[in-house]
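**Q** Residue numbering for the sequence shown follows the working numbering, starting at 1368 and increasing by one per position.
Here a beta-carbon is modelled for each residue, glycine too, at the ideal position from N, C-alpha and C.
As the structure is a prediction and not an experimental result, all values here were calculated from the model.
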Amino acid sequence: MAYYLPTQFQDQTPQPFDAEVAIEEWPAHIIYARPFNGNTTEELILQEINQLAVHLDSPEWFLQDTFIVAGYNSPAAPNPHNEIWIIHSP
């Protein structure tokens, strides 16, 4: 699980209290995204990954074994907004 740290906190990142929590800095990436709504079941996630891959046409365009599920609402929210992210292959 990961969280995006808003810009206003990035210069003075709060340090975690728990040793199992780590702060990672990611370089800029090109991301292909597909929005969808609903609860994120394994079946729905795989379906959305496959749909995004079909639209990208060429498997050489993206990393084959990596994807990210971005959730924008509480999982308890009705019909939550989500996205599947696939990372562009350099």
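Expressed to the nearest angstrom, what Euclidean distance is found between the alpha-carbon atoms of W1393 and A1369?
**A** Here residue 1393 corresponds to residue number 26 of the sequence shown, with the count starting at 1. Here residue 1369 corresponds to residue number 2 of the sequence shown, with the count starting at 1. Straight-line Cα distance between these residues: approximately 12 Å.
**Q** Thinking I1412 and V1436 are a contact (beta carbons under 8 Å), I'd like their distance in whole angstroms, please.
**A** Counting from 1 along the sequence shown, the entry for residue 1412 is found at position 45. Counting from 1 along the sequence shown, the entry for residue 1436 is found at position 69. Between V1436 and I1412 the Cβ distance is about 6 Å, and since that is below 8 Å, they are a contact.
**Q** Among residues of its own chain, excluding the 5 on either side of R1401, which ones have a beta-carbon nearer than 6 Å to its beta-carbon?
**A** Indexing the sequence shown from 1 puts residue 1401 at position 34. Once the five neighbours on either side are set aside, the close Cβ partners of R1401 are E1415, L1419 and I1451.
**Q** With A1444 as the anchor, note down where its alpha helix (DSSP H) starts and where it stops.
**A** If you number the sequence shown from 1, residue 1444 lands on position 77. A1444 -> no alpha helix (DSSP H), and no H or E assigned at all.
**Q** Within the continuous beta strand (DSSP E) that includes N1404, where are the two ends?
**A** Residue numbering aside, residue 1404 sits at position 37 when the sequence shown is read from its first letter. Residues I1398 to N1404.
**Q** Closest by CA to E1406, which one among D1385, P1447, I1390 and W1428?
**A** Translated into the one-based positions of the sequence shown, residue 1406 becomes position 39. In the sequence as presented, Glu is not what sits at residue 1406; that position holds Asn. Closest by alpha carbon: P1447.
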